[in-house]
Amino acid sequence: MAKQSSTDGEAQLSKIVDLSVLTQSTGDKPDLHRHLMKSYVEALEGEIDNIQQAFSWKNAEQISEYTHKLKSSSRSLGAMTMANICQQLETAATAADWGELEDLMPQLYSDSAQTAEFFRNFMSPAGGPGGEVVSGQELALELPADDNITQFRLSIMLVDDDYIMHRVTTVMLNDLGISSVLNAMSGSAALDMLQQNGERIEVIICDLNMPEMDGVELIRHLATSGFGGSLILTSGEDVRILKTVEKLAIEHELHVLGVMEKPVTPAKLSELLDSLDQIRQEGTLMMNDPFNLADLEQAITCNQLDTFFQPKIDIKSGEVVGVEALVRWNHPVMGLIKPNAFITMAEDHGLIGGLTDVVCNKALDFAARLKAMGYHLNIAINISVDSLTNLEWPDRISSLLAESGLEPSSISFEITESRLMEHLSVALDILSRLSLKQFNLSIDDFGTGYSSMEQLQRIPFAEFKIDRAFVHGAARETSARAILESSVLLAKKLDMKVVAEGVEDQEDWDLVAEVGCDQVQGYFVSRPLPFRQLVKWLEDRKA
Ligand code: C2E
Ligand code: CA
Ligand code: CA
């Protein structure tokens with residue numbers, strides 16, 4: 061009988077806290093676990109007081125903020141009953157449902173008392189696997205990265221107002237071989253640290269929900285301060301909010317590695333950081349150090365520009381049908397720089413024409429070499445409409461082409477309109493003549509503000525490129541999917557070929573195949589490659 065009741069008691073307790081959560085996230089580290097539990101219990105009373113006070117002041121916004129935070133740290137520790145009651149309170153507070161809040165508050169008190177008791181028992185020498193609880197400071201010293209793991213030379217800053225999150229995530233990062241982790245407990249602390257360590261911080265992992273300065277505001281400050289590293293966004297909120305903020309950060313021209321719903325797990329972290337590693341290999345991380353106009357001018361005239369090539373695949377046959385030439389600046393000090401960092405500057409200061417000429421020369425030269433190797437691929441070159449100001453350009457391109465022995469039909473120009481066109485008639489003249497000369501014209505980034513319906517009417521496009529914002533992840537985003545589907549329908553009605561950009565995984569591929577796109581481009585097939593790697597990629601594929 062006595063045995064029976066003790067088993068019941070254990071089952072009851074294991075519902076309060078799921079101990080496997082901590083082991084899964086941070087490994088078998090009893091000292092660390094005790095330390096985290098101790099911090100949680102110490103903070104718990106104050107947090108319950110805060111919620112109680114907000115409740116008595118009828119401040120629903122504060123209740124929602126406090127319960128959200130407590131929910132997040134409870135989840136990280138596997139304190140499931142606490143996470144549940146906090147979730148219920150948060151929902152009721154958001155709806156300002158005072159009746160429901162009144163019913164739930166007593167349960168918060170009893171659940172928090174039970175959870176604190178569970179942790180105290182577990183931490184007592186008799187409770188869990190023995191030993192004293194270590195203090196935070198000792199612990200920080202005690203956690204060097206594992207020597208057996210390849211060390212990333214990477215500095216990461218965690219921005220979160222939740223201490224438990226900091227500790228758990230830091231341990232996960234250490235286990236991934238990243239030892240340099242800075243902890244900022246608020247947005248303003250993060251900005252201070254950035255000022256001191258700016259050029260060292262490569263990745264910021266940022267929580268969206270923080271008091272005073274939230275993640276959205278921090279992102280705005282990061283953009284104005286020109287933060288050149290990468291961002292990972294986390295939140296316990298609905299993933300759609302994360303996606304919206306991700307788009308916002310991209311709009312601000314920040315580099316976003318991805319988003320993580322809480323609880324953060326080692327698998328999610330390592331997946332995102334692996335992608336950083338790939339990007340670094342591709343050499344296209346944006347840099348902190350600004351460059352000036354004279355540098356860019358020199359880059360164009362002194363052969364510092366290079367072109368990478370990204371394959372395009374026919375979705376039905378699986379054959380490689382073409383490559384897009386994407387410019388890179390091979391900066392003598394900063395390494396490879398992405399085009400988004402300098403194209404606008406080139407456009408603003410009349411350098412884009414020279415840049416386009418360099419890219420065309422290189423692309424045609426490489427295309428001729430590919431042809432000599434037996435690869436008859438279409439070559440796509442990017443053109444901003446407002447760089448089309450020279451009426452002789454179509455003739456110049458034609459003679460360049462004749463020299464290289466290529467056909468105009470094997471060249472596509474991908475056109476984007478990056479701002480209001482001042483010389484519309486000149487641009488239309490040039491585009492019409494390119495089309496008459498049998499070059500293919502493709503409308504780039506379709507669906508974004510710049511490439512509009514209006515352009516479809518006035519320019520003789522043969523191809524339609526759907527922007528990656530409406531491709532990657534569209535299977536799970538109703539609005540992106542709707543835009544993708546209707547763009548394909550429109551293109552088909554206009555008898556145009558459709559290329560889907562930004563196909564990053566099988567799910568994206570299956571969707572674009574299902575909705576009827578003709579060609580696919582994206583990381584799922586290949587990242588942009590330097591010429592020699594492209595040749596190797598083509599050879600491997602043939603084999
Ligand atoms: P874009 O024409 O839309 O080119 C595609 C961009 O998406 C490339 O970025 C490519 O690396 C990236 N991308 C390809 N597949 C994926 C994917 O699966 N996922 C994600 N997230 N991204 C993918 P990149 O090379 O940085 O080029 C950025 C933009 O710079 C280009 O966008 C194009 O508008 C412009 N650009 C590049 N080269 C030139 C050029 O020679 N002249 C002009 N005027 N603009 C250029
Ligand atoms: Ca393009
Ligand atoms: Ca595009």
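Numbering (this note's numbering) for the sequence shown: 61 to 603.
The beta carbon of each residue, even a glycine, is placed where N, CA and C say it ideally should be.
Please read these numbers as outputs of a predicted model, since none were measured by experiment.
Inter-residue CB distance, residue i and residue j (contact presumed, cutoff 8 angstroms)
{"i": "P468", "j": "L461", "result": "6 angstroms"}
{"i": "V219", "j": "L278", "result": "7 angstroms"}
{"i": "V383", "j": "T229", "result": "Not quite, the Cβ-Cβ distance comes to about 40 angstroms (not below 8 angstroms), so this is no contact."}
{"i": "K322", "j": "S285", "result": "No, K322 and S285 are not in contact; Cβ-Cβ is about 26 angstroms, not under 8 angstroms."}
{"i": "V263", "j": "I216", "result": "5 angstroms"}
{"i": "S85", "j": "P326", "result": "6 angstroms"}
{"i": "A573", "j": "I373", "result": "That pair is no contact at about 11 angstroms."}
{"i": "V319", "j": "L293", "result": "5 angstroms"}
{"i": "V380", "j": "L598", "result": "7 angstroms"}
{"i": "L451", "j": "D489", "result": "6 angstroms"}
{"i": "Q370", "j": "Q581", "result": "6 angstroms"}
{"i": "A428", "j": "A385", "result": "So it is not a contact: roughly 13 angstroms between Cβ atoms."}
Residue i beta carbon near ligand 2 (any heavy atom closer than 7 angstroms)
{"i": "E523", "result": "no"}
{"i": "E474", "result": "yes"}
{"i": "D504", "result": "yes"}
{"i": "N442", "result": "yes"}
Heavy atom of ligand 1 within 7 angstroms of residue i beta-carbon
{"i": "K398", "result": "yes"}
{"i": "L356", "result": "no"}
{"i": "I310", "result": "no"}
{"i": "V559", "result": "no"}
{"i": "Q579", "result": "no"}
{"i": "V316", "result": "no"}
{"i": "V383", "result": "no"}
{"i": "Q528", "result": "Here residue 528 is Arg; the residue named in the question, Gln, does not match the sequence. Yes, since a heavy atom of ligand 1 falls inside the 7 angstroms radius drawn around the Cβ of R528."}
{"i": "I403", "result": "yes"}
{"i": "V563", "result": "yes"}
{"i": "Y583", "result": "yes"}
{"i": "T127", "result": "no"}
{"i": "H532", "result": "yes"}
{"i": "V419", "result": "yes"}
{"i": "P271", "result": "no"}
{"i": "T449", "result": "no"}
{"i": "Q370", "result": "yes"}
{"i": "L386", "result": "yes"}
{"i": "L589", "result": "no"}
Proximity to residue i [Cα-Cα], best of the options
{"i": "M273", "options": "I443, D221, V324, T284", "result": "D221"}
{"i": "C146", "options": "F178, I292, Q112, W117", "result": "Q112"}
{"i": "F42", "options": "G434, P392, F521, C577", "result": "The structure shown does not extend to residue 42, since the chain is modelled only from 61 through 603, so no value can be given for it."}
{"i": "N421", "options": "L164, S458, F182, M433", "result": "S458"}
{"i": "L411", "options": "V559, R180, L448, L386", "result": "L448"}
{"i": "T367", "options": "I375, T416, D334, G378", "result": "T416"}
{"i": "L104", "options": "W117, N119, V559, S170", "result": "S170"}
{"i": "K118", "options": "K129, P90, M165", "result": "M165"}
{"i": "Q498", "options": "L168, S470, E537", "result": "S470"}
{"i": "R300", "options": "S290, G289, V575, L268", "result": "L268"}
{"i": "I265", "options": "L491, L282, Q255, R388", "result": "L282"}
{"i": "M270", "options": "L130, H315, L451, Q256", "result": "L130"}
{"i": "M142", "options": "V418, V381, V276, Y100", "result": "Y100"}
{"i": "G106", "options": "A173, E545, D91", "result": "A173"}
{"i": "L365", "options": "P371, R388, G378", "result": "R388"}
{"i": "S464", "options": "E452, F426, L496", "result": "F426"}
{"i": "S246", "options": "S240, L236, L233, G275", "result": "G275"}
{"i": "V558", "options": "F182, S239, L501", "result": "L501"}
{"i": "E177", "options": "K98, H128, V231, L451", "result": "K98"}
{"i": "L50", "options": "N110, G87, E537", "result": "No answer is possible for residue 50: the residues shown for the chain start at 61 and end at 603."}
Quiz item: Quick one: any contact between the region 551-566 and the region 352-359, if contact means 3 or more CB pairs under 8 angstroms?
Solution: no
Quiz prompt | the region 315-332 contacting the region 566-584, beta-carbon criterion three pairs below 8 angstroms | solution = no
Self-check item: Every unbroken alpha helix (DSSP H) inside the region 391-472 [4 residues or more]
Solution: 403-408, 412-432, 453-464
Exercise. May I ask you to verify whether the region 587-597 touches the region 542-553, counting CB pairs closer than 8 angstroms and requiring at least 3?
Key: no
Self-check item: Stretch pair the region 357-370 + the region 309-321: three plus CB contacts closer than 8 angstroms
Solution: no
Quiz item: On the three-pair Cβ rule with 8 angstroms, is the region 131-142 touching the region 74-89?
Solution: yes
Quiz prompt | Touching by the beta-carbon criterion (3+ pairs, under 8 angstroms), the region 159-168 and the region 249-257 | solution = no
Quiz item: Should the region 119-131 be regarded as contacting the region 147-154, the criterion being three or more beta carbon pairs within less than 8 angstroms?
Solution: yes
Practice problem: Evaluate the contact criterion for the region 490-510 versus the region 523-537: three or more CB pairs, one atom per stretch, below 8 angstroms. | Solution: yes
Quiz item: Within the chosen definition, does the region 394-408 reach the region 432-440 through at least 3 CB pairs nearer than 8 angstroms?
Solution: no
Practice problem: Identify every run of the beta strand (DSSP E) within the region 219-294, keeping only runs that are complete inside it and at least 3 residues long; order them along the chain. | Solution: 240-244, 263-267
Quiz prompt | Uninterrupted beta strand (DSSP E) stretches inside the region 342-387 (no shorter than 3 residues) | solution = 365-374
Self-check item: Contiguous alpha helix (DSSP H) assignments of at least 4 residues, all confined to the region 120-181
Solution: 120-137, 140-154
Practice problem: Pick out the complete alpha helix (DSSP H) segments inside the region 512-560, 4 residues or longer, and give them in chain order. | Solution: 513-518, 538-553
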